[in-house]
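Under full-length UniProt numbering, the first residue of the sequence shown is numbered 1, with each subsequent residue one higher.
Encoded as structure tokens, the structure appears first; notes follow it.
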Amino acid sequence: MREFVIQLGLLSLWGGAAALGALAVGALLRRLHTPSRWLCWLWLAVGLRFALPWGIPLALPRPQNEPLAQAADTVRILAGTPAAAPALPAAAPAPVPAAAPWYAGLTVWHLLAAVWAAGVLVLAVRAVWAYRRLCRQVALACKTPDGCYSGACVPAPFTLGIVRPRIYLPAGLAGPMRAAVLLHERTHLRRGDPLIKPLFYAVACLHWFNPLAWLAFRQLEREMEAACDEAAVRGCDAAARNAYCETILRYALQGRLAPGSLAFGQGSAKTRIVHLLRYRRLGGLALALCALGVGVSVTACMVQPTVAEATPETAETTPALTELTPESAATPETAAVAFTPNTAGLPNLDDPAASPRFACPVDYTYISRYAMDGSHRGDDLTAPKGTPVYAAQDGVVAEATFHYSYGNFVQLDHGQDAGGHSWTTLYGHMDDLAVQPGQVVKTGDLLGHVGSTGNSVGNHLHFEMLADGVLVQPRYFTAYRDGERAELTA
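Following this line, the structure appears as structure tokens:
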């Protein structure tokens, strides 16, 4: 559920960025008298950006600024498709725990998903109810010789229907104005607007929490009406345009019809009239430039930038990782053997020369957060989902279970070192577990794989270290890369 909520948020973020860009570009193109039917394509591209989780890939160089680089890596990992976790070694089935209540596994991600689903459901029910109410209102309209439906029950010109749309005109609309309005509505039909508008509305409902999604929907409505207005007055003289504008004022709607309908009078009457009075056809060169601008803008809306992954130099590669060769997980028979901790390999708190002695447990991309006194208990080693997590030192599995905050975690007891200090390490937020409580592990044995379970945002390994039951900072005792670990001082 967490991944679904994060992916939806990222999708809405990309769509919102496209909407802001389209708003600025659209304002410029409108000042250049770009045909509104072309601007419809621009907003349709924004709608696709809200709807599709992929786009045109655009590789960007990695930022030189380290905070920006880490932020880019976080977005890349969140937006990326998780890799399939490697196959786990065979292990004896763990004892089945007592059944927990259904609500025990609920997290804040489930709450966010429930709120989102409730909002979508409310908007969908509201749209269907408004559509059915309008259908009942015009049910008594009669078909006219020109293929439309008219009657006293029709308050204003509009098109209704998705599969078989119908044009509804008021009974009092006649003469040249009826012909112009009919051309307007038939333009909607010819361009597929009765289908496009409900689909775009559905996309906006999926992103109901994002005001930019509704802005994009209103802008598409505006450009649809403007495009049909342009088609209706094309070739008309000034008097005919003025009469058409009077018709817009006459049927300007005070409220809104069903989201799937295309009402002649919807939208800002003032904006539509000013646009018609200033509307003029462009020459060939101007049209070509406008087409180029729209094409570039549509392409930009569909671009999905990606930042190159970090490629650490060979000299910075963690030696412990190159030496780690994950062996098969210990079997219950092995676990029954008496455990003798590797006390000679454990660091002594009072001996700076003994650091580091813990191997780095994961092939990380970067360390997003270090252990801090009172604020963070361990180091966060960011890595793609499915990256193997290894035991940092010989030990026995004290715990291997799920915790609401740590997610899937393993705690290893490493015994005492030569100085008499007891050591424990914890590996949290893993996607799965490859060991069981009581199991003996050696340095480099597989514990699980990187994930983002529990109270976590993004795939990473949370790594804690305790000496004599007191939290210590792992970077003083772990073989991190050069520049990312700290040295003990006497």
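We put the CB at the ideal spot given by N, CA and C, even for glycine.
Run of the alpha helix (DSSP H) containing R2, from where it starts to where it stops: Taken as a continuous stretch (DSSP letters only), the alpha helix (DSSP H) holding R2 covers 2 to 31.
Where the alpha helix (DSSP H) through residue 516 begins and ends: Since the displayed the chain opens at 1 and closes at 490, residue 516 lies outside it and no answer follows.
Beta-carbon spacing of V450, V362 below 8 Å: When the beta-carbon positions are compared, V450 and V362 come within less than 8 Å of each other.
Limits of the unbroken alpha helix (DSSP H) element including F50: Unbroken alpha helix (DSSP H) run through F50: 36 to 51.
C-alpha gap between T107 and T299, whole angstroms: Going from the Cα of T107 to the Cα of T299 covers about 39 Å.
DSSP three-state assignment for R190, whether helix, strand or coil: In this structure, R190 counts as helix in the three-state DSSP scheme.
Among L44, Y168, L134, nearest to H184 - alpha-carbon criterion: H184 has its Cα closest to that of Y168, out of L44, Y168, L134.
Cα-Cα separation between Q439 and L42, rounded to whole angstroms: Near 60 Å, if we compare the C-alpha coordinates of L42 and Q439.
Chain C contact for A156 (CB, 8 Å cutoff): Note that chain C does not occur in the displayed structure, where there is just one protein chain.
Option in I162, R164, F358, A174 with minimal Cα separation from A156: Per the Cα distances, A174.
Per-residue DSSP class, three states only, for L160: Looking at L160 - three-state DSSP - the assignment turns out to be strand.
Beta carbon of H188 nearer than 8 Å to that of C245: No, the Cβ-Cβ distance between H188 and C245 is not below 8 Å.
P194 burial status per 10 Å Cβ neighbour count (16 or more: buried): Burial call: buried.
Closest by C-alpha distance to G15, when choosing among H33, A152, W214: Per the Cα distances, W214.
Secondary structure, beta strand (DSSP E): runs of 3+ residues fully inside the segment 408 to 441: Runs of the beta strand (DSSP E) inside the segment 408 to 441: 422 to 433.
Buried versus exposed, by CB contacts within 10 Å (16 or more), residue 491: Here the chain comprises residues numbered 1 to 490, so residue 491 is not present and cannot be evaluated.
Cut-off 6 Å between Cβ atoms - residues of its own chain near V472, not counting five sequence neighbours on either side: Correct list, in chain order: M465.
Proximity below 8 Å, CB of D379 to CB of F463: Result yes, Cβ atoms of D379 and F463 sit closer than 8 Å.
Stretch-stretch touch, CB-based, cutoff 8 Å, three pairs: the segment 46 to 56 with the segment 5 to 25: Remark: three or more beta-carbon pairs, one from each stretch, lie closer than 8 Å, so the segment 46 to 56 and the segment 5 to 25 are flagged as touching.
Chain-order list of residues whose beta-carbon lies under 7 Å from that of P93 (same chain, five-residue window excluded): Note on P93: pLDDT 48, under 50, position unreliable in the model; the coordinate value appears next. Result list for P93: empty, nothing under 7 Å.
Cβ pair V25, S297 closer than 8 Å: Taking a C-beta distance under 8 Å as the contact criterion, V25 and S297 qualify as a contact pair.
Contact under 8 Å by Cβ, T243 with M302: The sequence given here places Ala at residue 243; Thr does not occur at that position. For the pair A243 and M302, the CB atoms are not nearer than the 8 Å cut-off.
Under the three-state DSSP convention, the category V362 falls into: It is a strand residue.
Residues near H376 by beta carbon distance below 8 Å, same chain, minus five either side: The answer, listed in chain order, is R369, Y370.
Residue(s) in a DSSP beta bridge with I167: DSSP, once it has assigned bridges, lists T159 as partnering I167.
Test item: CB-CB of T401 and L412 under 8 Å: No.
Extent of the continuous alpha helix (DSSP H) run through residue 517: Nothing about residue 517 can be reported from this structure: the residues present for the chain run from 1 to 490 only.
Cα-Cα separation, L20 to A216: When rounded, the distance between both Cα atoms is 9 Å.
At least 3 beta-carbon pairs within less than 8 Å: the segment 114 to 125 vs the segment 195 to 208: At 8 Å Cβ cutoff, the stretches touch.
Identity of the residue in Y364, G428, A479 nearest Q393 by Cα: Minimum Cα distance to Q393 is reached at A479.
6 Å Cβ shell around residue 491 - same chain, five flanking residues per side excluded: Past the edges of the chain, shown from 1 to 490, lies residue 491, and the structure says nothing about it.
Per DSSP, cross-strand counterpart(s) of T478: In the DSSP output, where bridge partners are listed per residue, T478 has F358.
R31 vs L39 beta-carbon contact at 8 Å: No.
Residue environment, Y404, which counts as buried when at least 16 other CB atoms sit within 10 Å: Residue environment for Y404: exposed (fewer than 16 other C-beta atoms within 10 angstroms of its C-beta).
A435 vs G395 beta-carbon contact at 8 Å: Going by the sequence as given, residue 435 is Val instead of Ala. No Cβ-Cβ contact shorter than 8 Å links V435 with G395.
Extent of the continuous beta strand (DSSP E) to which T453 belongs: Annotation for T453: no beta strand (DSSP E) segment contains it, and DSSP assigns it neither H nor E.
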